[in-house]
Amino acid sequence: WFRERLRPGMTVVDMGANVGFYTIPFAEIVGASGAVHAFEPDPFCHSILRDRVRKRAIQNVRLEAAAVGAAEGTVTLYCSRRDRAENRMHPFERAVAVETVDVRLLTLDGYCRERAVGHIDAVKIDVEGYEVSALTGMRGILAADPHGWLWIEFAPDQLTGAG
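Its first residue numbered 18, the sequence shown is counted upward by one per residue in the numbering used here.
(1) Enumerated in chain order, which unbroken segments of the beta strand (DSSP E) with a length of 3 residues or greater are wholly contained in the segment 128–178?
(2) So which of Asp59, Ala49 and Val70 has the shortest CA-CA distance to Tyr39?
(3) Going along the chain, which unbroken runs of the alpha helix (DSSP H) with 4 or more residues stay wholly within the segment 69–136?
(4) Would you mind stating whether Cys62 and Arg101 have Cβ atoms separated by less than 7 Å?
(5) For Ala55, which of Arg111, Arg22 and Leu123 has the nearest alpha-carbon?
(6) With a 10 Å radius around its C-beta and 16 neighbouring C-beta atoms as the bar for buried, classify Gly146 as buried or exposed.
(7) By DSSP's criteria, Met32 is part of a beta bridge. Which residues make up the other side?
(8) Going by beta carbon distance, what residues of the same chain come within less than 6 Å of Gly33, once the five residues before and after it are set aside?
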């Protein structure tokens, strides 16, 4: 699906990049003339992603050790000891062992303003229930450039858990 829609030169945002399952293929597809902005707040997953990007000498990925939401500041990330791909901004049920870490929270609108990112062609969002907050923090981008596309993974129970 992504290979059919992404082209060299595009700018892509990967929210919830984890260890780069999508980030790295996105970077290969958009090529040297494109850019991928990858956001991963979990320090453990971010370090794996950073190492994978470095080992492959990928130059077109901008890594941010941060979550993306409706406001800027700090937020608690609940990291699952069962599966780091299910980390979230809201508590787990009691049966899941977690560790918590305070992480930086950005808005995509603010990030793009600060880094002079003028255009985004595609956004992938996989943020385990934090989708509404992430979308709220990119209202300006959505209004200014409605021609890009969004790919959003969501689960109703996680949206409910996040409020």
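Just so it is clear, CB atoms sit at the ideal spot from N, CA and C, and this is done for glycine as well.
Here the structure is a predicted model, which means the values were calculated and not measured.
Reading it off the structure:
(1) 139–142 and 166–169
(2) The residue labelled residue 39 in the question sits at position 22 within the sequence shown. Closest by alpha carbon: Val70.
(3) 125–131
(4) Counting from one through the sequence shown, the residue named residue 62 turns up at place 45. Counting from one through the sequence shown, the residue named residue 101 turns up at place 84. A contact, by the Cβ cut-off of 7 Å.
(5) Numbered from its first residue, the sequence shown carries residue 55 at position 38. Nearest C-alpha to Ala55: Leu123.
(6) Sequence index remark: in the sequence shown, residue 146 carries index 129 (1-based). Under this definition Gly146 is a buried residue.
(7) Here residue 32 is taken as the residue at index 15 of the sequence shown, counted from 1. Answer by DSSP bridge pairing, in chain order: Phe56 and Ile142.
(8) Reading the sequence shown from its first residue, position 16 is the one you call residue 33. Contacts found: Asp143 and Val144.
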